[in-house]
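A quick write-up on the structure given underneath.
Encoded structure:
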């Protein structure tokens, strides 16, 4: 300790001590500015594909909160492929999903949220789901969406990536099912597919700090993009980052504590407090249809 004090008393040590908060503030400002303008998805008809009631709140809250902003002119639909009946309270969880979606700002949840209860798609930590069945349910859901929204056609999917954030087999199955649908169903195959990036465990629980880590890694990997870079030929961004403000973070927490009351066991308090997915999402455009 005395050695540290002596170093701080030196001109060089004092300069570092004074500059460090300024540099940290500048980095935070840069990150927030970068994220607030980083390739937003807009003017799209979006289907968020989730496996269980509460996935929308625990993993996708920052994305949903941003996409439903009126200024972006999106329509957002949530398709949930099970009622989460592992503990026999599936009917309760159905109503909780509607409450959570409403808290997150999804309008007209009775028409915007579709919940499937297929005997072959049950909540399970050990069973993968058939991709062809997922694709069939996607097709049925999109038809229902068109009927309820004046013929609008979904043009964007958002779901888990190949690691499913937590390696949950149901999460992982959704990406396979979405790709199966895109290979076999659409007459006009121009639907964009975005996946939620899975990060290592040690980054999952550093909350907003991972926004800075992700942005820094993105800059190192891609460098400073020129205008127009980072987009595919259709004008769609290759990656998207969403960072919630304090109000958005608290809303995400309420979606769990008030929406999904049945799921608030002790360890979920840790998740909604520390998880980076409660405050920050980064999505990647997946163009691989295999």
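Residue numbers (my numbering): 15 to 304. Heads up, the beta-carbon is just placed ideally off N, CA and C, and yes, glycines get one too.
Does the distance from the C-beta atom of residue i to that of residue j stay below 8 Å?
| i | j | result |
| --- | --- | --- |
| residue 73 | residue 148 | no |
| residue 3 | residue 88 | Within the shown structure, residues of the chain are numbered from 15 to 304, placing residue 3 beyond reach of any answer. |
| residue 119 | residue 107 | no |
| residue 93 | residue 155 | yes |
| residue 299 | residue 252 | yes |
| residue 212 | residue 58 | no |
| residue 6 | residue 191 | There is simply no residue 6 to check, as the chain begins at 15 and stops at 304 in what is shown. |
| residue 64 | residue 90 | no |
| residue 111 | residue 67 | yes |
| residue 116 | residue 71 | no |
| residue 181 | residue 137 | no |
| residue 269 | residue 75 | yes |
| residue 206 | residue 254 | no |
Just grab the DSSP bridge partners of residue i for me.
| i | result |
| --- | --- |
| residue 208 | 172, 299 |
| residue 64 | 94 |
| residue 253 | 298 |
| residue 77 | Its beta-bridge partners do not exist; DSSP assigns none. |
| residue 59 | 89 |
Roughly how far, in whole angstroms, is the beta-carbon of residue i from the beta-carbon of residue j, given that I think they are within contact range, below 8 Å?
| i | j | result |
| --- | --- | --- |
| residue 208 | residue 172 | 5 Å |
| residue 131 | residue 151 | In fact, because the Cβ distance is near 10 Å, the residues do not count as touching under 8 Å. |
Spell out a yes or no on whether the segment 124-138 and the segment 149-165 are touching, meaning 3 or more CB-CB pairs, one atom from each, closer than 8 Å.
-> yes
Scan the segment 94-172 and note each continuous alpha helix (DSSP H) run of 4 residues or more that stays entirely inside, going in chain order.
-> 104-117, 123-126, 145-162
Indicate whether the contact test is met: 3 or more Cβ pairs, each with one atom in the segment 267-280 and one in the segment 191-202, closer than 8 Å.
-> no
Is it a yes or a no for the segment 278-290 touching the segment 207-225, going by three-plus beta-carbon pairs under 8 Å?
-> yes
Using 8 Å as the Cβ pair cut-off and three pairs as the minimum, do the segment 250-270 and the segment 182-190 touch?
-> no
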